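K.L.:
Dropping the structure in here first, questions after.
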Ligand SMILES: [Zn+2]
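Numbering (our numbering), first residue to last: 18 to 244.
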């Protein structure tokens, strides 16, 4: 960029516009940043940065740089009908955002795509939930052909899980049994250790579903006597 020589008059005019104070030596100054132009800095009394002079001289190169920047803004306002290039850009951006809101029912393009992405995720989650429930319902319906709540029947299988913990009414125990026919039985009591092969009679309490799987919940189990 070509740097034109600035006349003393132009420098003086723009420097004043920016807010510089003209010094008697021909330089320019700003209010002392330490005492904010009071000349006093408590608790020391006279400000030691400006020596009580209230002002701090600004280097000539800095003055010229800021004067040229202001002149550039003046040139922009001249050709843009009073607005800087930055103001024009900002207005164009605002107009674009408004056009987006007008065609998107009040949302910018970004807001609209975020909303659509959220809706898509919610739809997928709902579909997965429905599919899981359908799977569980199907599994429960199949178990219902083999186990009738309230009836007592015999079971054989292997204990695959035995967990226990403290509860309101003492220690609870949960036993999970993989039955010989592939079904899963749940017994809220002790029946043996993990890995034990067990044969027992029990009353079918209900068929429950969990995470798409169905299992038969039994109660009052009685282990068969070994032959
Ligand atoms: Zn000062």
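All C-beta atoms in this analysis are idealised placements derived from N, C-alpha and C, irrespective of residue type, glycine included.
Given the structure is predicted, the values throughout are model-derived calculations rather than measurements.
Under the criterion of a Cβ to heavy atom distance below 6 Å, does residue 51 qualify as lining ligand 1?
P.N.:
As a working note, residue 51 is residue 34 in the chain shown. Yes.
K.L.:
So, for residue 93: in the same chain, excluding its five sequence neighbours on each side, which residues have a beta-carbon less than 6 Å away from its beta-carbon?
P.N.:
Residue 93 sits at position 76 when you count from the first residue of the chain shown. Counting only Cβ-Cβ distances below 6 Å, and skipping sequence neighbours, we find 101 and 102.
K.L.:
Taking 8 Å as the threshold, find out whether the stretch 205-224 comes into contact with the stretch 235-243 through three or more Cβ pairs.
P.N.:
The stretch 205-224 vs the stretch 235-243: in contact.
K.L.:
Please find out if some non-hydrogen atom of ligand 1 comes closer than 6 Å to the beta-carbon of residue 59.
P.N.:
Working through the chain shown from its first residue, we reach residue 59 at position 42. No.
K.L.:
Is it right to say residue 200 is buried, meaning 16 or more other beta carbons lie within 10 angstroms of its own, or is it exposed?
P.N.:
Position 183 of the chain shown, counting from 1, holds the residue named residue 200. Answer is buried; the Cβ neighbour count reaches 16.
K.L.:
Would you check whether ligand 1 has a heavy atom nearer than 6 Å to the C-beta of residue 30?
P.N.:
Reading the chain shown from its first residue, position 13 is the one you call residue 30. Flag unset: Cβ of residue 30 not near ligand 1.
K.L.:
Within the present structure, is the beta-carbon of residue 66 separated from the nearest heavy atom of ligand 1 by less than 6 Å?
P.N.:
In the chain shown, the residue the question calls residue 66 occupies position 49. The answer is yes for residue 66.
K.L.:
Per DSSP, what kind of secondary structure is residue 39 in: helix, strand or coil?
P.N.:
By 1-based counting over the chain shown, the position of residue 39 is 22. Three-state result, residue 39: strand.
K.L.:
First and last residue of the beta strand (DSSP E) that includes residue 227?
P.N.:
As a working note, residue 227 is residue 210 in the chain shown. Residue 227 -> beta strand (DSSP E) spans 214-227.
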